[in-house]
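Position 84 of the sequence shown, counted from 1, bears residue number 83 in numbering that gives the first Met the number 0, the numbering being contiguous throughout.
Think of the CB as a built atom: it goes at the ideal place given N, C-alpha and C, for glycine as much as any other residue.
See structure below.
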Amino acid sequence: MMGAIEMSPLHDWLVELRRGFHQSPELSYAEFGTSRRIAAKLREMGVDVQEGVGGTGIVARMDSGRPGPVVAFRADMDALPLEEISTEPYCSTVPGVMHACGHDAHITIGLGVARTLMDEGWPATGKGKVVLVFQPAEEGGAGALAMLRSGALDGEPIDAILAGHVHPELPVGHVGVVPGMCNAASDSVRIRITGKGGHGAQPHRCVDPILAGAALVTQLQSLVSRSISPIDSAVLTIGQFVAGTASNIIPQQAVLNGTLRTLRPEVRDVMAERIDGMVKGLELAYGVKVDLEMIPGYPLLVNDPIVAEMARNVASDFLGPDRVHIELPRMGAEDFAYFLQRYPGALLRLGCHKPEEGFRHALHSPHFDLDERVLDVGVGLFTRLIKRLMAEVRAQGPGTSLP
Ligand SMILES: [Zn+2]
Ligand SMILES: [Zn+2]
């Protein structure tokens, strides 16, 4: 049984905000309305806002004006190209676009943290600076990298950066913390198989790229099981196989697109090498020509163990130790990894399914929805954690990096 979740005094405000964002989702790098609304809300609160960072990104600063630690919180803003299936009054009003990854909740939590700190008069009493980063294009567009490359954060000696992701596998009120490696590195695998097209009734006069492609898909699945140690992790999924125009034509080409996920660079290198070898073998065995391209995607996301431990303690105090779970890494990729390559920090998993319903719909499902109490949990947790980090860095002296 769940005990009561401590509701924020801002609950109704948070719910209204989140529903507003949910109804008006925008795709990667097109978060214009979302970004404008965030900036307006922050200005209402008296927060300093810098717009247009890395596209539609926003950097908001709550500066005490006194020297001290700099702690950042990142929220992603983009939605997905997906038609929402929902009977809720706050269902997406944009055809074919949906906040199916909960980034509407992340934005709302970021604004809730800002309002809580401003309402408490933090800038007048605190030391150092709190930086809020509202990021475009997490869903494949590397918005985090765009913001970092813009240079907007270069003047900020950020001591620690935090982020949360709603996590439907845990009930609301629960939090998952991963010390260290948290999300996989991802690579796109693009394979173009060229054969010789012709009549479907005369296969001996053709070179069939579909047959070669089908064999390749099957063979590739042996790599993880036979080339990677059972103790290591890797996933290779071919999610797209495009070939042919009619049932009686052997086409000229087949295109296979996939994704490779790994948790160690050494494993990634072995997989890349073995995929390449397999493709060369396919050319010999089937007489086709194969072009292989491996395009690096988001890097490995590694939480700082000290920040993760602090997050675990703060979450235990706030929610109760039985609601804080030390979790394993996942093979999903997250571009918060780019921030963590530059600054120590942690990505936390915020349980968001309704306890009475249990886990029903995953992220990226057209049915995905969340228990809105996750907004209260997120605001409470991150406000506490930011304060804790400020105090902790301060104890080590201003300008000292955390770990
Ligand atoms: Zn997503
Ligand atoms: Zn997401």
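Asked	Found
Residues of its chain near PRO170, where Cβ-Cβ distance is below 6 Å and the 5 sequence neighbours each way are ignored	GLY350, HIS352, PRO354
Distance, GLY54 Cα to ALA271 Cα	33 Å
For THR124, the nearest candidate out of GLY319, GLY64, VAL174 (CA to CA)	GLY64
Extent of the continuous alpha helix (DSSP H) to which THR33 belongs	31-44
Unbroken stretches of the beta strand (DSSP E), 3 residues or longer, contained in the region 291-362	323-325, 344-352
Cβ neighbour criterion (16 or more within 10 Å) applied to VAL241	exposed
Cβ shell of ARG383 (< 8 Å), same chain only, five flanking positions each side left out	VAL313, ASP316, PHE317
Those runs of the alpha helix (DSSP H) which lie wholly inside the region 204-284 and span at least 4 residues	208-226
Paired residues, beta bridge with PRO202 - DSSP	For PRO202, which the question treats as bridged, DSSP gives no partner whatsoever.
Exposed unless 16 or more other CB atoms sit within 10 angstroms - verdict on PRO167	buried
Residue from ARG42, ALA162, MET293 whose Cα sits closest to the Cα of ARG348	ALA162
Counted within 10 angstroms of its Cβ, other Cβ atoms place ALA200 as buried (16 or more) or exposed	exposed
Status (buried if at least 16 other CB within 10 Å, exposed otherwise) for HIS21	buried
Segment contact, 8 Å Cβ cut-off, at least three pairs: the region 254-267 with the region 187-195	yes
ALA213 versus VAL287: straight-line alpha-carbon distance, rounded	13 Å
Residues near GLU155 in its chain [Cβ-Cβ closer than 7 Å; skip 5 each side]	VAL69, VAL130
Host alpha helix (DSSP H) of PRO170 (start-end)	From DSSP, PRO170 is part of no alpha helix (DSSP H) but of the beta strand (DSSP E) over 159-170.
Any non-hydrogen atom of ligand 1 closer than 6 Å to CYS181 Cβ	no
Cβ-Cβ distance between VAL216 and ILE237 below 7 Å	yes
GLU333 versus GLU137 - alpha carbon distance	7 Å
Rounded separation between LYS128 and PHE381 - CA only	15 Å
Residues bridged to ASP75 (per DSSP)	GLN134
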